[in-house]
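Q: Residue numbers (the numbering used here): 10 to 176. Would you mind keeping the following structure in view while I ask a few things?
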């Protein structure tokens, strides 16, 4: 087999310009792919931390509401409130949880995001079924692929079983 030498009769050693350019393009593609994976993992890590903060605040607030509900007994109520509480236990619990400065009041969770706005909205309503208080938490998910999320708990007021026995 015969080797051809470049014009002029000299053989150069090393890589040609085309080989160097192809290697550079391949290296660029690999580096861009690696950078994208790194950026995505950093972003998802931040979203995970933000989501954990929101979920923890909601969970803590739910525990405080359940604690306030268990402390609210017929014996702890003023005697003039007992009849109204037994007639509509869900509304009475809602009033006690929402009342500013009340002994059983539980403030809504407050977590500020990047915009310094509270990320969590809480609402307490009387459910469709008698005797059920509904607490709903709504927040914007930190991930851009998810819009608003909602957590809902339904409470049967703790004192309502005693109302049946007292009547």
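Even for Gly, the Cβ is constructed at its ideal location relative to N, Cα and C.
Could you have a look at residue 143 and say whether DSSP puts it in helix, strand or coil?
A: Position 134 of the chain shown holds residue 143. DSSP places residue 143 in strand when its eight states are reduced to three.
Q: Using DSSP's beta-bridge definition, name the partner residues of residue 119.
A: As a working mapping, residue 119 is identified with position 110 in the chain shown. In DSSP, residue 119 forms no bridge with anything.
Q: What is the rounded straight-line gap between the Cα of residue 149 and the Cα of residue 74?
A: Looking up residue 149 in the chain shown gives position 140. Looking up residue 74 in the chain shown gives position 65. Their backbone Cα atoms lie some 22 Å apart in a straight line.
Q: What does the alpha-carbon distance come out to for the pair residue 238 and residue 136?
A: Because the chain in this structure spans residues 10 to 176, residue 238 falls outside the shown range and cannot be described.
Q: If you drop the 5 nearest sequence neighbours on each side, which residues of the same chain put their C-beta closer than 7 Å to that of residue 78?
A: Mapped onto the chain shown, residue 78 falls at position 69. Excluding residues within five positions, the ones whose Cβ falls inside 7 Å are 102, 164, 166 and 167.
Q: Distance, Cα to Cα, residue 176 vs residue 108?
A: On the chain shown, position 167 is the one that residue 176 refers to. On the chain shown, position 99 is the one that residue 108 refers to. At residue 176 the pLDDT is 49, less than 50, meaning the model places this residue with poor confidence and gives no usable figure here.
Q: Taking residue 117 as the reference, which of 94, 140, 67 and 89 has the closest Cα?
A: Position 108 of the chain shown, counted from the first residue, corresponds to residue 117. The option with the nearest alpha carbon to residue 117 is 67.
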